[in-house]
Amino acid sequence: MKTTISALMLSSLLLLAMPSMVTAYTLPIFGNANMDDVVDEKDLDLLQAMINGSESESELADADADGDIDGDDLVRVEEIIRGDPTKITLNDSAGRIVTVDVPVERVIPLNMRHATAIIVLGGKDKIVGVDTTVRDRELLFGDLSAREPVGVTKEPDIEAIVALEPDLVVTFTHLGPQDLLDEKLPPEVALVRFDLSRAESLKEEMMMLGYLIGDRDAVRDYETWYDQYVETVEERVSAILEEERPRVFMERESTDKEASVRWAYASDTGYTDLCEVAGGVNIGKEKIDYNGDVEAEWVMEENPAVIIGLSYSGGYQAENGSLLKAYWDGIKGAPGLSLVDAVKEDRVYIISGDFSLGPQMTIGTVVVAKWLYPELFADLDPEAIHQEFLREFMHVDYDLAEHGAFVYPPMG
């Protein structure tokens, strides 16, 4: 059974509590009384002190979300620690408090990002339906791509979803005006919303999913892998002064606009996080909010040192990089951009949306870091890291030497 409560105030408090480094976060599961990244015995001790009146109540102390801090919360936390709770209450990335019946046995991810996360966390066999982003990528997802269809990410087939009787549906925080899942799903189906794209929240979202559907050892293994590479990038670029960092224009491939209009990523997206974590200065941030159109003339005036284009061509099903190269050629040939330092110095790069966000954000971060600071990160091999992810976390026989096109120009 699901219970959803507006939690914008709680969400704001949690964000304020989160340190800026990606390795530290607050796990927004109720029962996490001390507001760290795990529910453990320390929370039991603190809860008991709260019940005794010797400690102030925290935002996540009410483990059963009934409005009271009491012995029932101690029982719930003990169950969570043992791994046998019947319910878990969490605060999802849309600011909703959701109670989920566990263990979850039947789950529907509404995008390849969510499907990938569930596989990483050991829950592949629990997936009963998939959207087109999974069905269209058989090389990556194998037999999972043949599971029951549930529509497309932005317009899920609610009737098909309900017919599959899932315990849990996982999707993005907002899909647009056509997003009727909160209204249309029956009360026995829990809905949680995770974007799995932001550097500040990816690990906490993965951990919450791990508590719901996966193996907690698997999520800790993933965290270790993530930190190994992302912390390396963060530590090395932390010593670089702001004025010495390359200025970067980040754009997305667009086929319905004139070449003189560029679709820019400015702020508050996973792609802008890639740039910032990797030590770049995103010039769009001062021009527009979030994302949108800018004139190529403005890009020329700003004269970025690097241009990074996001493409939804290529990816796991591609057999060559011809479409990525076509986009790369288009940027270099756009009106006025031939005068920009990024073009003149041959620092125009294309990255595929298939592998640069979601649980693979680690790989995207290393790719961008090598583009911005090739000498500083000469020892990191994004393709080897990508292959490691596919082998250790996706458990798929996918050889990057034979399949896929993820960046252009190819990284040597």
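Using this note's numbering, you'd call the opening residue of the sequence shown number 697 and step up by one each time.
Glycine residues also receive a C-beta, built at the ideal position from the N, C-alpha and C atoms.
Collapsed DSSP secondary structure at residue i in the structure displayed
i        : result
Thr-867  : strand
Asp-1042 : coil
Arg-958  : strand
Val-718  : For Val-718, the predicted structure reports a pLDDT of 48, less than 50, and the residue's modelled location is therefore unreliable. A value from the coordinates is still provided. Of the three classes helix, strand and coil, the one that applies to Val-718 here is coil, per DSSP.
Thr-928  : helix
Asn-728  : coil
Val-944  : strand
Ser-841  : helix
Leu-704  : The predicted model places Leu-704 with a pLDDT of 37, which falls under 50 and marks its position as unreliable; any figure quoted below should be read in that light. Of the three classes helix, strand and coil, the one that applies to Leu-704 here is helix, per DSSP.
Lys-783  : strand
Ser-659  : This structure does not reach residue 659, given that the chain is present from 697 up to 1108, and the question cannot be answered.
Pro-799  : coil
Ala-745  : helix
Ile-854  : helix
Arg-778  : helix
Arg-792  : strand
Gly-664  : Here the chain covers residues 697 to 1108 and nothing more, so residue 664 does not appear.
Val-734  : coil
Tyr-1104 : strand
Ser-1034 : helix
Pro-805  : strand
Gly-819  : coil
Val-1092 : coil
Val-1062 : helix
Val-973  : helix
Ile-765  : coil
Supposed close pair residue i, residue j - CB separation, criterion 8 Å
i        : j        : result
Arg-1087 : Leu-1006 : Not really, about 26 Å apart at Cβ, beyond 8 Å.
Leu-740  : Glu-751  : About 12 Å separates the two Cβ atoms, so there is no contact after all.
Lys-983  : Ala-1014 : Wrong, their Cβ atoms sit about 32 Å apart, outside the cutoff.
Gly-1054 : Asp-911  : Going by Cβ atoms, the distance from Gly-1054 to Asp-911 rounds to 19 Å, so no, they are not a contact pair.
Thr-782  : Val-798  : 7 Å
Gly-727  : Asp-764  : So it is not a contact: roughly 14 Å between Cβ atoms.
Val-846  : Gly-872  : Rounded, the Cβ-Cβ distance is 17 Å, inconsistent with contact.
Leu-887  : Val-915  : That belief does not hold up - the Cβ atoms of Leu-887 and Val-915 are roughly 21 Å apart, past 8 Å.
Ala-811  : Leu-840  : 7 Å
Asn-807  : Asp-827  : 6 Å
Gly-975  : Val-933  : 3 Å
Arg-809  : Asp-863  : Arg-809 to Asp-863, Cβ: 20 Å. No contact.
Pro-883  : Asn-787  : 19 Å between Cβ atoms; not a contact.
Ala-992  : Gly-1032 : 5 Å
Gly-1029 : Leu-1019 : At roughly 16 Å, the Cβ-Cβ gap does not stay under 8 Å, so Gly-1029 and Leu-1019 are not in contact.
Leu-876  : Ile-854  : 7 Å
Option in the options with minimal Cα separation from residue i
i        : options                                : result
Val-794  : Phe-1073, Gly-975, Ile-1027, Asp-762   : Asp-762
Glu-938  : Trp-959, Ala-757, Ile-979              : Ile-979
Val-1064 : Leu-1035, Pro-1031, Pro-1106, Lys-1040 : Pro-1106
Arg-831  : Val-824, Asp-821, Ala-842              : Ala-842
Val-734  : Ala-757, Ile-747, Met-746, Glu-861     : Ala-757
Phe-945  : Ser-934, Glu-954, Trp-959              : Trp-959
Glu-931  : Leu-1072, Leu-881, Pro-805             : Leu-1072
His-870  : Gly-838, Thr-928, Thr-849, Val-885     : Thr-849
Gln-744  : Phe-837, Ala-759, Asp-766, Glu-755     : Asp-766
Val-816  : Ala-759, Trp-921, Glu-755              : Trp-921
Glu-1041 : Trp-1067, Ser-1018, Leu-1020, Leu-840  : Trp-1067
Tyr-918  : Arg-772, Leu-835, Phe-1089             : Phe-1089
Glu-844  : Glu-834, Ile-823, Gly-838, Leu-836     : Ile-823
Gly-838  : Leu-1096, Ala-1097, His-1091           : His-1091
Glu-775  : Gly-1108, Asp-736, Asp-923             : Asp-736
Tyr-1012 : Leu-1096, Ile-1081, Ser-1018, Tyr-986  : Leu-1096
Glu-927  : Ala-729, Leu-1076, Glu-755             : Leu-1076
Ala-790  : Arg-889, Ile-804, Asp-878              : Arg-889
Phe-1085 : Ala-813, Val-773, Asp-913, Gly-779     : Ala-813
Val-773  : Ala-729, Ile-804, Glu-753              : Ala-729
Asp-760  : Arg-778, Val-796, Arg-792, Gly-779     : Val-796
Residue-level contact to chain D via CB, residue i, 8 Å cutoff
i       : result
Asp-923 : The displayed structure is made up of one protein chain only, and chain D is not part of it.
### Message
For the pair the region 1053–1068 and the region 1023–1042, tell me if three or more CB-CB distances fall below 8 Å.
### Response
The region 1053–1068, when compared against the region 1023–1042, does not touch it at the 8 Å Cβ threshold.
### Query
Per the contact definition of three or more C-beta pairs closer than 8 Å, is the region 1100–1107 in contact with the region 922–939?
With a cut-off of 8 Å, the region 1100–1107 and the region 922–939 do not count as touching, because too few Cβ pairs lie within range.
### Query
If you pair each beta-carbon of the region 959–978 with each one of the region 993–1010, do three or more pairs fall below 8 Å?
By the criterion of at least three beta-carbon pairs nearer than 8 Å, the region 959–978 is in contact with the region 993–1010.
### Query
Enumerated in chain order, which unbroken segments of the alpha helix (DSSP H) with a length of 4 residues or greater are wholly contained in the region 857–916?
The qualifying runs are 877–880, 898–909.
### Message
For the structure I just gave you, are there three or more beta carbon pairs, one from the region 1031–1038 and one from the region 983–1001, closer than 8 Å?
### Response
Taking a cut-off of 8 Å on C-beta distances, the region 1031–1038 touches the region 983–1001, as three or more cross pairs fall below it.
### Query
Can at least three beta-carbon pairs, one atom from the region 885–905 and one from the region 1044–1052, be found at a separation below 8 Å?
As far as the Cβ criterion goes, the region 885–905 does not touch the region 1044–1052, which means the pair count is below three.
### Task
With a floor of 4 residues, list each alpha helix (DSSP H) that falls wholly inside the region 975–1019, ordered by position along the chain.
Here the runs fully enclosed are 992–998.
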